[in-house]
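As you go down the protein sequences, you meet chains A and B in turn.
With the working numbering, letter number 223 in the first sequence gets 319, and the count goes up by one each step, no holes.
With the working numbering, letter number 396 in the second sequence gets 409, and the count goes up by one each step, no holes.
C-beta atoms are modelled at their ideal positions from N, C-alpha and C, and glycine is treated no differently.
Predicted, not measured: the structure shown is a model, and the values here were computed from it.
Working notes, beginning with the structure itself.
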Amino acid sequence: MKRILIVGASSAIAMACARIWANQGDELFLVARDVEKLDQTAEDLRARGAKAVTSHCMDATDIAAHALMLEKALTAMRQIDIVLIAHGSLPCQKDCEQNVEVALREIANNGTSVIALLTLLANQLEEQRCGSLAAISSVAGDRGRPSNYVYGAAKAAVSTFCEGLRPRMYKVGVHVLDIKPGLVATPMTQGLTLPKALVSTPEKVAKLIVRGIENKRATIYTPGFWGIIMLIIRSIPQTLFKRLNF
Amino acid sequence: MDPLLSWGRYPRVPQIAHACRWRGQALDSLQDIVHFHGSTLPFGNGRSYGDSCLASSNQVLDLRLLDRIIHVDWQHGRVVAEAGTTLGEILSISIPNGWFLSVTPGTQFATIGGAIANDVHGKNHHLRGTFGNHLLRFGLQRHDQPMLCCSRTENADYFAATIGGLGLTGVVTWAEIQLMPIQASGIDSTATRFGNLAEFFTLSAEHDHKHEYSVAWVDCLATARQAGRGVFIVGDHTKYGPLEVDRRTKLRVPATPPFSLVNNWSLRAFNVAYWHKHSDRPRNQIGSYDSFFYPLDRFVNWNRVYGRKGFQQYQCVIPSGVAEVAIQELLARIAASGQGSFLAVLKRCGNSASPGLLSFPLPGVSLALDFPQKHALHPLFERLDDIVREAGGRLYPAKDAHMSGSDFRRAYPAWERIEALRDPILMSRFWKRVTT
Chain A
97 MKRILIVGAS SAIAMACARI WANQGDELFL VARDVEKLDQ TAEDLRARGA
147 KAVTSHCMDA TDIAAHALML EKALTAMRQI DIVLIAHGSL PCQKDCEQNV
197 EVALREIANN GTSVIALLTL LANQLEEQRC GSLAAISSVA GDRGRPSNYV
247 YGAAKAAVST FCEGLRPRMY KVGVHVLDIK PGLVATPMTQ GLTLPKALVS
297 TPEKVAKLIV RGIENKRATI YTPGFWGIIM LIIRSIPQTL FKRLNF
Chain B
14 MDPLLSWGRY PRVPQIAHAC RWRGQALDSL QDIVHFHGST LPFGNGRSYG
64 DSCLASSNQV LDLRLLDRII HVDWQHGRVV AEAGTTLGEI LSISIPNGWF
114 LSVTPGTQFA TIGGAIANDV HGKNHHLRGT FGNHLLRFGL QRHDQPMLCC
164 SRTENADYFA ATIGGLGLTG VVTWAEIQLM PIQASGIDST ATRFGNLAEF
214 FTLSAEHDHK HEYSVAWVDC LATARQAGRG VFIVGDHTKY GPLEVDRRTK
264 LRVPATPPFS LVNNWSLRAF NVAYWHKHSD RPRNQIGSYD SFFYPLDRFV
314 NWNRVYGRKG FQQYQCVIPS GVAEVAIQEL LARIAASGQG SFLAVLKRCG
364 NSASPGLLSF PLPGVSLALD FPQKHALHPL FERLDDIVRE AGGRLYPAKD
414 AHMSGSDFRR AYPAWERIEA LRDPILMSRF WKRVTT
């Protein structure tokens, strides 16, 4: 039985992971913004076999609220074996280009709020000297592209942060996982026209995440073929890259 | 998202899916689609065969993501779940706790919403009736009022109209169902060959009431002395053994072939092989519930083997008194046409009345066959319809893509009550076809 903290628990990928853990009889502490969605998710996980489910309402960009959330999680579970940070939003790039406030809000939502949570929770896991910290970044963080570089920049910050945090935590027995999903059919991507062959489901991605945590992987692309796609995209020389529009 | 088709992929009218992800959003989603497209229809997991799950506007409200369990009571075997939850998902949590679906159709990929809308039945219809007989209550979202809770006592008219109501009375967002207790998850089954229809009727009369489940396969291509031969199968939940959720690896049909792989050659070979696979003496075995109830679920997308044109299922039920004669005639007609089905299924339906107004089963015998879609089906189906009409039987809307409006209205006189309670913004291709 593991004790698991999930931030962004009503997101499709987080929910799919939570169902796998509930099925295994793990204990869950769910954090999300919307009380109703949180309650419906919690009911579902209890029925699917979770040992216990506690929910906590919090906006992840409200940094001041993080400490209280951790305190509640520790009261409920005493220790944390797995942290999954899954909240995020896919902004409209055009809006971000026109409006600095929108751009910074998206950076806060996808980047700084995650870094704030990782900082706080890393210290808790460091004290425990055990556990896994997993954060969902994105393949979009691998290279800035004109179509979504604000989102990409925020996710790149999370990935780089994880890369540095990992060796620090390794020495105290804590595992850090950077999860880079490709295109997944979720509410976040609803309404976008996506190349069908490249789109995965939240359930498939969740399986890979749960396995990645079990196997203490450093970085995973979900599904794995995105590793190859991003390798190709990263190796496009600047002279060509700056002429592309994708 | 990919456009959706019905299970038979005929008629081929791709549906645009509008996903509803939270039950509180059902009303907003409904109104959104109606605002842009005029009308819609709730869509579950697309297991209806014909056009009853296709919206006349081709814009469906996709409820598959409403798949949360809301409450479980293992003391009394009751589950409250969202409408998009599949029957297989219910089994995966109920079996370890010693409960099974009171009624299950031949696929576990149907959703609870779909099971209600078609008032599905299973191999134990002779004992337990339809899915609707075990439905305690559900939430119904209509476009112009807050969510209604419907049961036998509360909003009883909507309760009756929605069971078998083909998704037209509103969107079922959640439901509470009564499960039945089991001691173990295995099925103890006995298969007996029969040489002709008369033998089937004798076997069925003798054994049905002694067993929870009963069904028969008929070789629909056999003619002359072999006509009406088949295999009669009864089963019961085992008393001893583990309570295990079956997790067989699922196989996929990787692509849709340009033409049907089901043709006269493959059908004949299959039917002969199936007959000879069973020995001439009754054979008893204990197997998993999965292979007993859901043999075809092993092949995800098995409907693809019928090729791009798709297929139609012909399922009718014939009242007891004339069942033997009429089914004999139906089988003769089909065998003579040379078109036929991998598995022609015979099943005796019991007397228990469903609370639903438009429920398909009636006391008698039901026959179901799958046919690859081709032009020659039309005259054959007309002939079969004549026989069914004369026998006072009826066809199953969940499987149908052809029945005439007059046949439907004659066989389901309660249709006008459904029409009166229909949410005016919900309209299927089937309903439009048979009521106008």
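Quiz item: Any idea what DSSP makes of A:M284, helix, strand or coil?
Solution: helix
Quiz item: What's the C-alpha gap between B:K461 and B:T166?
Solution: Shown here, chain B extends from 14 to 449; a query on residue 461 of chain B therefore has no answer.
Quiz item: So, B:D450 versus B:S367, is the Cβ gap smaller than 9 Å?
Solution: This structure gives no information on residue 450 of chain B, because the portion of chain B shown stretches from 14 to 449.
Practice problem: Helix, strand or coil for A:Q224, going by three-state DSSP, please let me know. | Solution: helix
Exercise. Taking a Cβ distance cut-off of 7 Å, strictly less, list which residues of the stretch 80-112 of chain B are near chain A, in chain order.
Key: R81, I82, I83, H84, V85, I106
Quiz item: Between B:F443 and B:A282, what straight-line distance do the alpha-carbon atoms span, to the nearest angstrom?
Solution: 35 Å
Self-check item: Neighbouring residues, chain A, relative to B:G37 (Cβ below 7 Å)
Solution: E132
Quiz prompt | Whole-angstrom distance between B:P308 and B:V228, CA atom to CA atom | solution = 13 Å
Practice problem: Please name the residues in the stretch 137-156 of chain A whose beta-carbon is closer than 9 Å to at least one beta-carbon of chain B, in chain order. | Solution: T137, E139, D140, L141, R142, A143, R144, G145
Quiz item: Which residues bound the alpha helix (DSSP H) around A:M111?
Solution: 108-119
Self-check item: Per-residue contacts from B:R34 into chain A (C-beta, under 7 Å)
Solution: P283
Quiz item: Span of the beta strand (DSSP E) holding B:Q154?
Solution: 148-154
Quiz item: How about A:A319 and A:V301: are their beta carbons less than 9 Å apart?
Solution: Before going on, a small fix: residue 319 of chain A reads as Pro here, not Ala. It is a contact, given that the beta carbons lie within the stated cut-off.
Quiz item: What do you reckon, are the CB atoms on B:F394 and B:V330 nearer than 9 Å?
Solution: no
Quiz item: Quick one: what does DSSP say B:Y253 is sitting in, helix, strand or coil?
Solution: coil
Quiz prompt | Supposed contact pair A:V254 and A:W322 - C-beta distance, whole angstroms, cut 8 Å | solution = In fact, because the Cβ distance is near 16 Å, the residues do not count as touching under 8 Å.
Self-check item: Residues sharing a beta bridge with B:Y226, DSSP
Solution: B:G248
Quiz prompt | A:M165 (DSSP reduced to helix, strand or coil) | solution = helix
Quiz item: Below 9 Å between beta carbons: does that hold for A:G104 and A:I203?
Solution: no
Practice problem: With DSSP as the reference, please indicate the residues paired to B:Y62 in a beta bridge. | Solution: Paired residue(s): none; B:Y62 is not in a bridge.
Exercise. Would you identify the three-state DSSP class for B:H89, choosing helix, strand or coil?
Key: coil
Quiz item: Using DSSP with H/G/I as helix, E/B as strand and the rest coil, what is B:A424?
Solution: helix
Quiz item: Do A:E139 and B:I82 have their CB atoms nearer than 9 Å?
Solution: yes
Quiz item: By Cβ distance, which residues of its chain are closer than 6 Å to B:L17, with the 5 residues on each side in sequence left out?
Solution: Q28, A30, G59
Quiz item: Of all the beta strand (DSSP E) runs that stay within the bounds of the stretch 124-204 of chain A, which reach a length of 3 or more residues?
Solution: 148-153, 178-181
Quiz item: Comparing the C-beta of A:Q286 with each C-beta of chain B, is any distance below 9 Å?
Solution: yes
Exercise. Below 6 Å CB to CB, which residues in the same chain sit around B:F214 once its five sequence neighbours on both sides are set aside?
Key: E337
Quiz prompt | Contact set for B:V266: own chain, Cβ-Cβ below 7 Å, skip 5 residues either direction | solution = F312, N314, W315, R317, V318
Exercise. Go through its chain and collect everything with a Cβ distance to A:I316's Cβ below 8 Å, but skip five positions before and after it.
Key: L273, D274, I275, K276, L304, I305, G308
Quiz item: I think B:A128 touches B:D75, with their Cβ atoms under 8 Å apart; what is that distance to the nearest whole Å?
Solution: Contact flag wrong, Cβ pair sits at about 17 Å.
Quiz prompt | Rounded distance between the beta-carbons of B:L54 and B:L439, thought under 8 Å | solution = 6 Å
Quiz item: If we count the other Cβ atoms within 10 Å of its Cβ and call it buried at 16 or more, is B:H134 buried or exposed?
Solution: buried
Quiz item: Nearest to A:G121 by alpha carbon, out of A:R99, A:R129, A:V131, A:S106?
Solution: A:R99
Self-check item: Contact set for B:V441: own chain, Cβ-Cβ below 8 Å, skip 5 residues either direction
Solution: Note that residue 441 of chain B corresponds to Ser in the displayed sequence, not to Val. Same-chain partners within the cutoff: L54, D64, S65, C66, L67, A68, S69, L179, G180, L181.
Quiz item: Just how far apart, CA to CA, sit A:R115 and A:R174?
Solution: 22 Å
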